[in-house]
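The listed protein sequences correspond, in order, to chains A and B. Residues in the first sequence are numbered from 5 upward in steps of one, following our numbering. Residues in the second sequence are numbered from 25 upward in steps of one, following our numbering. We put the CB at the ideal spot given by N, CA and C, even for glycine. Below: the structure, in structure tokens.
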Amino acid sequence: MTQTYNLLALSEAVSPITHAKGTSGNESLVMRVPVVTPRGVLWVPSLSGNALRHRLVREPGNRWLIGRLELPGKLSRVQLNYCFHGGNLTEGGGREDTRRIADWQRLFPLGRLLGGSLPAQILSGSSLCWPGTLVCEENRTALSAMLPHGWELPPETLRPAETFVSDYQYTRGDAAKSHVDLMADDDLDGESSSNLMIFSGQAVSRGSIFLHGFTLQHVSELELGALLLSLRLWQEAGGTIGGQSARGHGRLQTLLHVDGVDEAAQEAAGAADGAPVDAAAEECRDWLAAAFAPRSAKPPKGKKAVAAE
Amino acid sequence: MNQPLLVTAHLCTPLAGDAPQLDGLLEWALSPFFDRAQPCADGHYKLTRAGPAPKQGGIPIPLVRVWLGPWLVARCSSPILGPCVETVDHICKRLSTENASLLDPAERTIVSTTNSWTKSYRLPLRVRRVELVRWFCCGHAREVRKALKRVHAIGKKPADGYGRVARWTAEPTPDDLSWYAPHDAGRVLMRPLPNGPWLPKDLIGFKRDFGACCPPQWHPERATEIIVPC
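Take a look at the structure:
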């Protein structure tokens, strides 16, 4: 039985968030969206749905699945592209294999959620990922609309968006200056240009909160479980979004609320139970091999056929 | 009971691309209940440009529809957007080369990131921050609300969070403004209509075009001589 689920996620930044979009001079800027307010149009920091969908669901979920199917080191480039970026339509269309679609829907709950593209046909998904909306006064209307029925924002004025924006600055060192003792004598000419670089940018401060979520349309508990498992894997792997994660940026601590599903059921649905995957592993591998198999060459016609004979 | 209505989509995220025609949206929302063809993953039926167009009116929608020559046209206006701020977002894609260790050793070759299917891209996407999208129509308010409850997002890229609808409202209005709106100089066109003798003589605010006036608007068999608001 299928139904529509709404998942609400409350993510608190536990390190500066540098989900960037563009630069101003040498400084990188955080992604912002325009918001119409009584004070005019203001540009408020946001997290794109595209980034959230990839980092929270597609990447961790498919990485787990590839491991479970014992496919590391065995994937082709088109299969890799499909798993991590949804694939590309590269061959002439006009024909769709309904058996392949039905098998895909049965074998890959995560794929059914996200959709994707095989070389010759597009597979539609069933999840809508909401963008991350910063909890601030400018977003009050949007936040109220996102909250489940019966939930309300506190009546007190929230902090304005700009108070959540801070800066960062780092220095890339120059080994020719810091580790001179390790250099070859020939390179100690003292005239080489310096690699020292200072780089800086905007960040959304630690302690900021983003509201985001997912709408899963006409899905079964399997698809819900695939999403919850992906989210759990993402959190366990640091729960990062945006750039500079190698420097500790972008960590989110996320709480989930699923409309109509209690916490115990959520826990059960999102458990990394590999048994169903193991049971269908051979079939999954066969499906991936068949769906991305190179197209067989057309038999020669006319003069070429005669020459071939 | 059919009556003049004002249907409103209250958006809580920016709208990408354009808002849809209301009759097309209602047909799409109600299509899972009509066994027409192969169902998609999201429960809706699937049509392709290669196949024939579905019969007009095959999916009953809670709007009044009128035959204008060979075309069955719904009594609803084109979408009307409230005050909006325009911006451009970008959709990026590239081959996941950081996962090269997952590839079969025979597949670990140099790939081009500037052409072919492995080409990286960063495409612009027109985005408008708009809180209300409205349609004037003539139909059954309760049934319209019920059907639209199934529509969670409108416009392009809904899977990436654009065009999310927080709630739908359908309120009665005193006048029917679905096709024409009154003006001192005549009647203003409110939606694409087929060009023909059925158009009023005092019609203003339109231009001639070639396109569709009933859903699915993208199907080649729906294309005809039409007039569109301008």
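- prompt: Using the beta-carbon count (16 or more within 10 Å), is Tyr9 of chain A buried or exposed?
  reply: In the first sequence, counting from the first residue as 1, residue 9 of chain A sits at position 5. Label assigned to Tyr9 of chain A: buried.
*Contacting residues, own chain, Cβ-Cβ under 7 Å from Gly41 of chain B (five flanking each side not counted)*: Working through the second sequence from its first residue, we reach residue 41 of chain B at position 17. Taken in chain order, the residues that qualify are Arg150, Gly179, Lys180.
Please state the DSSP three-state secondary structure of Ala65 of chain B.
Along the second sequence, one-based indexing puts residue 65 of chain B at 41. Annotation note: pLDDT 48 at Ala65 of chain B (below 50); position unreliable, no value reported.
Notebook entry, point to check: Is Tyr86 of chain A closer than 8 Å to Gly120 of chain A when the C-beta atoms are compared?
Noted result: Counting from 1 along the first sequence, the entry for residue 120 of chain A is found at position 116. Counting from 1 along the first sequence, the entry for residue 86 of chain A is found at position 82. Yes, they are a contact pair.
Proximal chain B residues relative to Phe88 of chain A, where beta-carbon distance stays under 8 Å
In the first sequence, the residue the question calls residue 88 of chain A occupies position 84. Per Cβ cutoff of 8 Å: Ser120, Asn123.
Going by DSSP, what residue range makes up the alpha helix (DSSP H) through Trp108 of chain A?
Your numbering for residue 108 of chain A matches position 104 in the first sequence. 102-111 is the span of the alpha helix (DSSP H), which, as asked, contains Trp108 of chain A.
Residues of the stretch 200-212 of chain A whose Cβ lies closer than 9 Å to any Cβ of chain B, in chain order: For the stretch 200-212 of chain A, there are no residues whose beta carbon sits under 9 Å from a beta carbon of chain B.
Review point. Which residues bound the beta strand (DSSP E) around Trp141 of chain B?
Key: Taking the second sequence and counting its residues from 1, the one referred to as residue 141 of chain B is at position 117. Note, Trp141 of chain B: premise wrong, no beta strand (DSSP E); not H, not E.
Q: Below 8 Å on the Cβ atoms is my guess for Leu138 of chain A versus Val48 of chain A; work out the distance and round it to an integer in Å.
A: Reading the first sequence from its first residue, position 134 is the one you call residue 138 of chain A. Reading the first sequence from its first residue, position 44 is the one you call residue 48 of chain A. With 8 Å as the limit, Leu138 of chain A and Val48 of chain A qualify as a contact, their Cβ atoms being about 6 Å apart.
Can you check which of these residues, A:Leu147, A:Ala230, A:Ile126, is closest to Gly136 of chain A by C-alpha distance? In the first sequence, counting from the first residue as 1, residue 136 of chain A sits at position 132. The option with the nearest alpha carbon to Gly136 of chain A is A:Leu147.
Problem - Spatial distance of Val157 of chain B from Cys36 of chain B (CA atoms) - result: Position 133 of the second sequence, counted from the first residue, corresponds to residue 157 of chain B. Position 12 of the second sequence, counted from the first residue, corresponds to residue 36 of chain B. So the alpha carbons of these two residues sit roughly 11 Å apart.
### Query
Comparing the C-beta of Leu11 of chain A with each C-beta of chain B, is any distance below 8 Å?
Taking the first sequence and counting its residues from 1, the one referred to as residue 11 of chain A is at position 7. Using a Cβ-Cβ cut-off of 8 Å, Leu11 of chain A does not count as an interface residue toward chain B, since no Cβ of chain B sits closer than that to its own.
*Local conformation of Arg211 of chain B per DSSP, three classes*: Stepping through the second sequence from its first residue, residue 211 of chain B is reached at position 187. In this structure, Arg211 of chain B counts as strand in the three-state DSSP scheme.
If we require 4 or more residues per run, which alpha helix (DSSP H) segments fall completely within the stretch 109-168 of chain B? none
| field | Pro1 of chain A, buried or exposed, once every other Cβ within 10 Å from all chains shown has been counted against 16 | value | The structure shown has nothing for residue 1 of chain A, since chain A only spans 5 to 313.
Original post:
Does the beta-carbon of Cys288 of chain A have 16 or more other beta-carbons within 10 angstroms, so that it is buried, or is it exposed?
Top reply: Numbered from 1 along the first sequence, position 284 holds the residue referred to as residue 288 of chain A. Buried is the call here.
Any contact of the stretch 75-85 of chain B with the stretch 126-139 of chain B, i.e. 3+ C-beta pairs under 8 Å?
-> no
request  = Name, going along the chain, the residues of the stretch 214-244 of chain A whose beta-carbon falls closer than 7 Å to a beta-carbon of chain B.
outcome  = Here the close residues are Thr219, Gln221, His222.
Are Ile251 of chain B and Leu201 of chain B closer than 8 Å when you measure CB to CB? The residue labelled residue 251 of chain B in the question sits at position 227 within the second sequence. The residue labelled residue 201 of chain B in the question sits at position 177 within the second sequence. No, these two residues do not count as a Cβ contact at 8 Å.
What does Tyr186 of chain B pair with, by DSSP beta-bridge criteria? In the second sequence, the residue the question calls residue 186 of chain B occupies position 162. Answer is none; Tyr186 of chain B lacks a bridge partner.
Item checked: Through-space distance from Ile126 of chain A to Pro63 of chain B, alpha-carbon basis -> Sequence index remark: in the second sequence, residue 63 of chain B carries index 39 (1-based). Sequence index remark: in the first sequence, residue 126 of chain A carries index 122 (1-based). In this prediction, Pro63 of chain B scores a pLDDT of 49, lower than 50, which makes its location untrustworthy; no coordinate-derived value is stated.
Handout entry: Inter-residue spacing [alpha-carbon to alpha-carbon] between Asp3 of chain A and Pro123 of chain A
Key = No statement about residue 3 of chain A is possible, as the shown extent of chain A runs from 5 to 313 and does not include it.
Query raised in the report: From A:Leu60, A:Lys307, A:Gly26, A:Leu12, pick the residue whose C-alpha is nearest to that of Arg236 of chain A; which is it?
Result: Within the first sequence, residue 236 of chain A is the residue found at index 232, counting from 1. Closest by alpha carbon: A:Leu60.
| query | Of all the CB atoms in chain B, is at least one closer than 8 Å to the CB of Ile70 of chain A? | reply | By one-based count along the first sequence, residue 70 of chain A stands at place 66. With 8 Å as the cut-off, Ile70 of chain A counts as an interface residue toward chain B.
* Which of helix, strand or coil does DSSP assign to Val184 of chain A? -> The residue given as residue 184 of chain A occupies position 180 in the first sequence. The DSSP-derived three-state label of Val184 of chain A is helix.
Taking CB distances under 8 Å as the criterion, tell me whether Trp192 of chain B reaches chain A. Here the question's residue 192 of chain B lines up with position 168 in the second sequence. Chain A places no beta carbon closer than 8 Å to that of Trp192 of chain B, leaving this residue out of the contacts.
Original post:
For the beta strand (DSSP E) that contains Trp134 of chain A, what are its first and last residues?
Top reply: Counting from 1 along the first sequence, the entry for residue 134 of chain A is found at position 130. 131-138 is the span of the beta strand (DSSP E), which, as asked, contains Trp134 of chain A.
Point to revise | Under 7 Å (Cβ pairs) to chain B, residues found in the stretch 161-183 of chain A | key: none
Give me, in chain order, the residues of the same chain whose beta-carbon lies closer than 7 Å to that of Cys254 of chain B; leave out the 5 immediate sequence neighbours on both sides. Within the second sequence, residue 254 of chain B is the residue found at index 230, counting from 1. Correct list, in chain order: Gly229, Phe230, Lys231.
Discussion item. Against chain A, which members of the stretch 81-98 of chain B pass a CB distance test of less than 9 Å?
Written reply: none
- Query: For the candidate residues B:Leu54, B:Arg246, B:Leu223, whose alpha-carbon lies nearest to that of Thr234 of chain B?
  - Reply: As a working note, residue 234 of chain B is residue 210 in the second sequence. Note on identity: in this sequence residue 234 of chain B is Phe, with Thr being the wrong assignment. When each option's Cα is compared against that of Phe234 of chain B, the closest is B:Arg246.
**Report entry** Rounded C-alpha distance that separates Thr32 of chain B from Trp134 of chain A
**Finding:** One-based indexing of the second sequence puts residue 32 of chain B at position 8. One-based indexing of the first sequence puts residue 134 of chain A at position 130. The straight-line gap from Cα to Cα measures roughly 20 Å.
Exercise. In the DSSP assignment, find the unbroken alpha helix (DSSP H) run with Ser234 of chain A in it and report its ends.
Key: Position 230 of the first sequence holds residue 234 of chain A. Here the alpha helix (DSSP H) through Ser234 of chain A covers 225-240.
Ordered along the chain, which non-local residues of its own chain (more than five positions away) have a Cβ less than 6 Å from that of Pro224 of chain B? Taking the second sequence and counting its residues from 1, the one referred to as residue 224 of chain B is at position 200. Correct list, in chain order: Arg211.
Mind checking the stretch 32-54 of chain A against chain B and listing, in chain order, the residues whose C-beta falls within less than 8 Å of any C-beta there? In summary, the residues of the stretch 32-54 of chain A whose CB is separated from some CB of chain B by less than 8 Å are Val37, Pro38, Val39, Val40, Val45, Ser52, Gly53, Asn54, in the order they occur in the chain.
Query - Best match in B:Arg118, B:His34, B:Pro218 for proximity to Lys143 of chain B [C-alpha to C-alpha] - result: The residue labelled residue 143 of chain B in the question sits at position 119 within the second sequence. Checked all of B:Arg118, B:His34, B:Pro218; the closest Cα to Lys143 of chain B is B:Arg118.
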